[in-house]
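Protein chains: 2
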Amino acid sequence: MNTPESIKKTSSYHHGNLKESLLTTALEMVDKEGIDALTLRELTMRLGTSRSAVYRHFPSKEALILGVIEKGYERLDLLLTPIFQDKHSSVAERFDRMGREYLDFAIHHPTLYRLLFGDKYHREREELCDYKDENQATGLYALIGLLLEAQEQGIIAQANPMVQAAMVWASIHGLASLLIDGHLLMRENMEEIYVYSQSVLLNGLKRIPKDE
Amino acid sequence: MNTPESIKKTSSYHHGNLKESLLTTALEMVDKEGIDALTLRELTMRLGTSRSAVYRHFPSKEALILGVIEKGYERLDLLLTPIFQDKHSSVAERFDRMGREYLDFAIHHPTLYRLLFGDKYHREREELCDYKDENQATGLYALIGLLLEAQEQGIIAQANPMVQAAMVWASIHGLASLLIDGHLLMRENMEEIYVYSQSVLLNGLKRIPKDE
DNA sequence: ACCTGAACACCGTTCAAGT
DNA sequence: ACCTGAACACCGTTCAAGT
Numbered sequence: 001m002n003t004p005e006s007i008k009k010t011s012s013y014h015h016g017n018l019k020e021s022l023l024t025t026a027l028e029m030v031d032k033e034g035i036d037a038l039t040l041r042e043l044t045m046r047l048g049t050s051r052s053a054v055y056r057h058f059p060s061k062e063a064l065i066l067g068v069i070e071k072g073y074e075r076l077d078l079l080l081t082p083i084f085q086d087k088h089s090s091v092a093e094r095f096d097r098m099g100r101e102y103l104d105f106a107i108h109h110p111t112l113y114r115l116l117f118g119d120k121y122h123r124e125r126e127e128l129c130d131y132k133d134e135n136q137a138t139g140l141y142a143l144i145g146l147l148l149e150a151q152e153q154g155i156i157a158q159a160n161p162m163v164q165a166a167m168v169w170a171s172i173h174g175l176a177s178l179l180i181d182g183h184l185l186m187r188e189n190m191e192e193i194y195v196y197s198q199s200v201l202l203n204g205l206k207r208i209p210k211d212e
Numbered sequence: 213m214n215t216p217e218s219i220k221k222t223s224s225y226h227h228g229n230l231k232e233s234l235l236t237t238a239l240e241m242v243d244k245e246g247i248d249a250l251t252l253r254e255l256t257m258r259l260g261t262s263r264s265a266v267y268r269h270f271p272s273k274e275a276l277i278l279g280v281i282e283k284g285y286e287r288l289d290l291l292l293t294p295i296f297q298d299k300h301s302s303v304a305e306r307f308d309r310m311g312r313e314y315l316d317f318a319i320h321h322p323t324l325y326r327l328l329f330g331d332k333y334h335r336e337r338e339e340l341c342d343y344k345d346e347n348q349a350t351g352l353y354a355l356i357g358l359l360l361e362a363q364e365q366g367i368i369a370q371a372n373p374m375v376q377a378a379m380v381w382a383s384i385h386g387l388a389s390l391l392i393d394g395h396l397l398m399r400e401n402m403e404e405i406y407v408y409s410q411s412v413l414l415n416g417l418k419r420i421p422k423d424e
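If you want it as C-alpha cells, here you go:
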C-alpha cells in the first residue's frame, strides 16, 4: 500500500497480472461450465477488462487455451507423481492407485480431460506453444518407469516398455473417455469394470507373446 | 422424363430429396474436411438452396448432425457385422479382424469416428433423435456375442460378458483415440502395439480374477 | 407444402485512438 | 506499454414474404 507499485497494482487500469488471471479464470470456466462457455466476451467481462486486452498477452484464443491445457497437465501431474514416487507401496498397489487417480481426474474434470487428451488443440501445439511437450509425456514416462520396476520384480513379462505403456494407457484412457462421454451405461458398475480391467491387464502382461 | 413427377424432380425449386442430400453431403464434408468445415452456409451453397431450407427438414444444425451420426453408425456396422457373422473363421480370428477393421475405420475417418464416439453430440441424442439407440449398441452387442462364443469354447474365462466387452472395447477405443488425436507418437509401431494389445487382452481374459 | 432473402444475436479478431 | 471501443467478417437461427 506504501510503494507506488502497490498503488499501481490496485488501479483499475493496470490489471496487475492479467495474463495469469486470464489463464486461471479460463481454466475455471472450462472446468465448471464447459468449453463452449469460454468466450472472450464472458471471460474479459468477469475480469473487468475489454475483449481486446486478451490479445496483449495471447496471439489468439487458441493460444490462451493452450495455456489452460498446460495448467491442466500440471494439475494432473501433481496428482500422479506422488503416487508414482511413493516407494513405500508395492508396484501393484501404485499401479492400481495411479489408475484410480487418473480415472477420478477424468470423471471430476471431464471438459478439462477432453481438452488435454482430445485432438482439437493438439495438432497446433507444436506451432503455437513456446514450451516443450515434456509435460505431456511425464505421465506416460511415470507409467513406463512403473512398468520397468514391475519387469525387474518379475511381476510382468519383459517386453518393450513403450509398447506396454501405450497399451495400458490406451485401456485406461478408453475407459475414461467412454465413461465421461456417456457411452458406457454402467456408471454404477464402474468399480467392477475397473477392477476387472486392472486384473485383465496385469494377467495379460504376465506372459510374453511369443507366437506369430 | 415423361411423368409430371420426374419433371417436378428436375425442377430447380423443388430439390427432390433435399433431406437425403443434406445428410449425404454433410457426412462427406465432415469426413473429408473436418467438423468445423460443416457450416450451413457452405452446405446449402453446395446443394444450391438457401440456408433456411435446412430448417424444413431438421429443427437445428445439431439435429442434422445427429442424422449424420446415424449414417456413420450404419457404415461402421456394415463393416463389422460380416466379420462377426463369418462362422467359417475361428473366434480368435474374428476377434482380431474386428479389432483391425474398427481401428482402420477410426484411422481413415477420424472426424466421423470422434463424432460417433465423442461427447459433443451424445448427451442430446435421447432428446432430439426419433430413432432408438439400437445402432449405437449393435457393435457392442456383436462384441458381447463373440465373447460369449469364446467363453463357450473355453478360450476365455467365464465372466460377465458386459464387463468383458466394456473392457475390450475401451482398450481398442483408447488405442484408436490416442492414435487419431496424435497422442501416440508411434504410428509406425502401430502394428506392433496392436498385436501386443490383442495378446495381452486374450491372455488376460483367460484367467478368472478371483482374489480381491 | 416448400423455399427465399433480409434481419437478428452471437462469436473471434482487428485497429485507430486514448492514457 | 497497455488498454479501449467501434468495426469487421463470420456463424446459427428466425420470420415475413413469395410460389
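Here the protein sequences line up with chains A and B, keeping their order. Residue 139 in my numbering sits at position 139 of the first sequence, and the numbers go up by one each step. Residue 327 in my numbering sits at position 115 of the second sequence, and the numbers go up by one each step. Ideal Cβ placement from N, Cα and C applies to all residues, glycine included.
| Query | Result |
| --- | --- |
| Kindly list, in the order they appear in chain B, the residues whose Cβ is closer than 9 angstroms to that of PHE117 (chain A). | SER389, LEU390, ASP393 and HIS395 |
| Considering only C-alpha positions, which residue in the set A:MET167, A:ALA166 and A:LEU148 is nearest to GLN158 (chain A)? | A:LEU148 |
| May I ask you to report which of helix, strand or coil DSSP gives THR39 (chain A)? | coil |
| What residues in its chain sit with their C-beta under 6 angstroms from that of LEU288 (chain B), if we drop five residues either side in the sequence? | PHE317 |
| Listed in chain order, which residues of the segment 162 to 173 of chain A have Cβ atoms closer than 9 angstroms to some Cβ of chain B? | MET162, VAL163, GLN164, ALA166, MET167, VAL168, TRP169, ALA170, SER171, ILE172 and HIS173 |
| May I ask you to report which of helix, strand or coil DSSP gives LYS418 (chain B)? | helix |
| With distance defined between alpha-carbon atoms, name the residue in A:ASN189, A:GLN164 and A:MET162 nearest to SER175 (chain A). | Residue identity differs from the one stated: residue 175 (chain A) is Leu in this sequence, not Ser. If we check each option's Cα against that of LEU175 (chain A), A:ASN189 comes out closest. |
| Please identify the residue among A:LEU47, A:LEU18 and A:GLY72 whose C-alpha is closest to the C-alpha of VAL30 (chain A). | A:GLY72 |
| Can you tell me whether ARG170 (chain A) is buried or exposed? The criterion is at least 16 other CB atoms within 10 Å of its CB, across all chains shown. | What sits at residue 170 (chain A) in the sequence shown is Ala, not Arg. Classification for ALA170 (chain A): buried. |
| Between which two residues does the alpha helix (DSSP H) containing SER233 (chain B) stretch? | 230 to 245 |
| For ASP345 (chain B) and GLY351 (chain B), I'd like the C-alpha separation in whole angstroms. | Residue placement at ASP345 (chain B) cannot be trusted, given a pLDDT of 47 that sits under 50; the coordinates are not used to answer. |
| Could you work out which residues of chain A lie near ILE405 (chain B), taking near to mean beta carbons separated by less than 7 angstroms? | VAL163, ALA166 and MET167 |
| Taking any Cβ of chain B, which residues in the segment 11 to 42 of chain A have a Cβ under 8 angstroms from it, in chain order? | none |
| Counting C-beta neighbours from all protein chains within 10 Å, is the total for GLY204 (chain A) 16 or more, i.e. buried, or is it exposed? | buried |
| With a threshold of 8 angstroms between beta-carbons, can VAL68 (chain A) be considered close to chain B, or not? | no |
| State yes or no: is the C-beta of GLU313 (chain B) within less than 8 angstroms of the C-beta of LEU290 (chain B)? | no |
| For the alpha helix (DSSP H) containing GLU274 (chain B), name the first residue and the last one. | 273 to 297 |
| What does a CB cutoff of less than 6 angstroms around GLY67 (chain A) pick up in its chain, not counting 5 residues either side in sequence? | LEU23 |
| Are the C-beta of SER264 (chain B) and some C-beta of chain A separated by less than 8 angstroms? | no |
| Return helix, strand or coil for ALA150 (chain A), following the three-state DSSP convention. | helix |
| Determine the chain A residues that contact LEU413 (chain B) at a beta-carbon separation under 8 angstroms, and present them in chain order. | VAL200 and GLY204 |
| Which residues in the same chain have their Cβ closer than 6 angstroms to the Cβ of HIS109 (chain A), if we skip the five residues on either side of it in sequence? | ASP31 |
| Determine, using beta carbons only, whether ALA304 (chain B) and ILE356 (chain B) come nearer to each other than 8 angstroms. | no |
| Quick one: what does DSSP say GLY118 (chain A) is sitting in, helix, strand or coil? | coil |
| Mark ALA37 (chain A) as exposed unless 16 or more other C-beta atoms lie within 10 angstroms of its C-beta, in which case mark it buried. | exposed |
| Which of helix, strand or coil does DSSP assign to ASP104 (chain A)? | helix |
| Along chain B, which residues have their Cβ under 7 angstroms away from the Cβ of SER89 (chain A)? | Going along chain B, no residue has its Cβ under 7 angstroms from SER89 (chain A), so there is no contact; the nearest lies around 15 angstroms. |
| Taking a Cβ distance cut-off of 8 angstroms, strictly less, list which residues of the segment 307 to 320 of chain B are near chain A, in chain order. | none |
| Using a Cβ-Cβ distance under 8 angstroms, would SER197 (chain A) count as near chain B? | yes |
| Distance check for VAL375 (chain B) and GLU20 (chain A), CA to CA, integer angstroms please. | 44 angstroms |
| For VAL412 (chain B) versus MET98 (chain A), is the C-beta spacing smaller than 8 angstroms? | no |
| Would you grab the beta carbon distance between PHE117 (chain A) and HIS173 (chain A) for me? Rounded to a whole angstrom, and I think it's under 8 angstroms. | 6 angstroms |
| Determine the contact status of LEU252 (chain B) and THR237 (chain B), defining contact as a CB-CB distance below 8 angstroms. | no |
| Between the alpha carbons of GLU274 (chain B) and ARG114 (chain A), how many angstroms are there, rounded? | 20 angstroms |
| Taking all protein chains shown into account, decide if HIS395 (chain B) is buried (16 or more other Cβ within 10 angstroms of its Cβ) or exposed. | buried |
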